[in-house]
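Notes to accompany the following structure.
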Amino acid sequence: MAEVDTIRFLADLHELRKIGEFRTGVHRPTYTPEDMQSREWLMSRMREVGLEPSMDGIGNVLGRHPGPGPHLLVGSHIETQNEAGWLDGALGVVAGLSLARAGLPVDVVAFADEEGHYGSFLGSRSMIGQVDEAEIDAAKHVVTGTPLRQALQQAGLAGIPRARLDSARYKGFFELHIEQGTQLEQAGLRSGVVTGIVGVSIWRITVIGKQDHTGGTTMAERKDAAVAAMRVLSLIDERFPMLVGERTVWTCGRIAIEPNLPHVIPGKAELIFQFRDVDGALLASLAEHLAAIVREVDRRDRCSVTVEQVSHSAPAICAPPMLAALQSAATKHANGQWQPMPSGAIHDAQHVARIMPAAMLFTPSIGGISHHWSEDTKEEDLTLAIRILADAAEDYLKA
């Protein structure tokens, strides 16, 4: 069996966390100098383990194994949210380095902008051919509004071709990741074999009422957009629990009221609402029920209420042979201390799964914390995870 150097694995993780270090975490937003420095660091490490590295025009870093196949693709991302954790994404990329160092025929990938500073999974979607030049032309930083083209120019990536993954080269894609939740920790377990990655449906609900004076307008005359928006959320809260699965989640992450002044009846309200599940049929059913709730409030509250889908990513079920290899390795190394589980967060693996078999392995997050500088995982759990992944990868290659 492949022998992984767990000491070097941890050392690489700790060395990478020094780039953009922030308290106990890191600050490496996409295309910042710290992010680009980390990509150069990664390519240097790839050369050390015998891979042939390159960086494409959107920042994806790919280290190719020079020997014969079949090959595996292993990786994740290394940019971070602002003032975020040291393991989110980086763990999966350094795990790939560790497998390559152990002599396994793997290509290691670090996808660009998984964290969505300039778009939705730009790096992995680009590498499977789902990002065109028009999308890149239109993309802007979600906070600053900086055009993506400008960011690429400043990062030294302008004019470099974008790479495509050759699905025929790979037997599959493995991604090791922190859980970013509390399920493993609460169950007293040390590893999670991911059965599938949730699909995500995001919706914009728009309410148009009538802006008016809070004192001079009687209650009978009002068309209060805020009240209608809150009624939509109230009905969702009342009805969704009767419709959903065990791990379905839903969130209203944005509520915008116009003109948002204390003495003015709101004339417009906008909600950004999402739900997630691994069951595609259930997601479709929830979409129908959401539309029915919107129609009900539209009739009831004397305001115009509409709903439109902003985006949808389909669930990705992990490939059964890869799943079996992970389960066997988890039983070998952590018998009684692992469980099968869905991923409630979305990952690059979800997009790679569209062109090749894919699977994921989770390691616990202390306190479930992620996207924050205090994110952490016990080192003994990290080393357990890399041993499980290495054995699973080797077994799957032999199958």
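Throughout the sequence shown, residue numbering follows the numbering used here, covering -15 to 383 in sequence.
Each residue gets a CB set at the ideal place from its N, CA and C atoms; glycine is no exception.
| Check | Outcome |
| --- | --- |
| Collapsed DSSP secondary structure at Thr190 in the structure displayed | strand |
| Segment contact, 8 Å Cβ cut-off, at least three pairs: the region 129 to 149 with the region 308 to 324 | no |
| Terminal residues of the beta strand (DSSP E) in which Trp322 lies | 322 to 327 |
| Contact set for Ala171: own chain, Cβ-Cβ below 8 Å, skip 5 residues either direction | Gln323 |
| For Met20, the three-state DSSP class (helix, strand or coil) | helix |
| Contact between the region 291 to 309 and the region 145 to 154 (3+ Cβ pairs under 8 Å) | no |
| Beta-carbon contacts of Ile277 that lie in its chain and below 8 Å, excluding the five residues immediately before and after | Val216, Leu219, Ile220, Arg223 |
| Counted within 10 angstroms of its Cβ, other Cβ atoms place Asp375 as buried (16 or more) or exposed | buried |
| Phe346 beta carbon less than 8 Å from that of His161 | yes |
| Residues near Ala86 in its chain [Cβ-Cβ closer than 8 Å; skip 5 each side] | Ala(-14), Glu(-13), Val(-12), Asp(-11), Ala374 |
| Cα-Cα separation between Ala209 and Asp196, rounded to whole angstroms | 11 Å |
| Whole-angstrom distance between Phe157 and Gly180, CA atom to CA atom | 14 Å |
| Three-way DSSP call (helix, strand, coil) for Glu254 in this model | strand |
| Identified DSSP bridge partners for Ala94 | Val45, Ser60 |
| Where Ala142 falls: helix, strand or coil (DSSP) | coil |
| Assigned exposure category for His(-2) - 16 Cβ within 10 Å defines buried | exposed |
| For Ala(-14), the three-state DSSP class (helix, strand or coil) | coil |
| Cβ shell of His273 (< 7 Å), same chain only, five flanking positions each side left out | Arg223, Leu227 |
| Cα-Cα separation between Arg338 and Ala212, rounded to whole angstroms | 39 Å |
| Helix, strand or coil at Leu227 [DSSP, three-state] | coil |
| N-terminal and C-terminal residue of the beta strand (DSSP E) that Gly180 is part of | 175 to 181 |
| Element boundaries [beta strand (DSSP E), containing Met39] | 36 to 39 |
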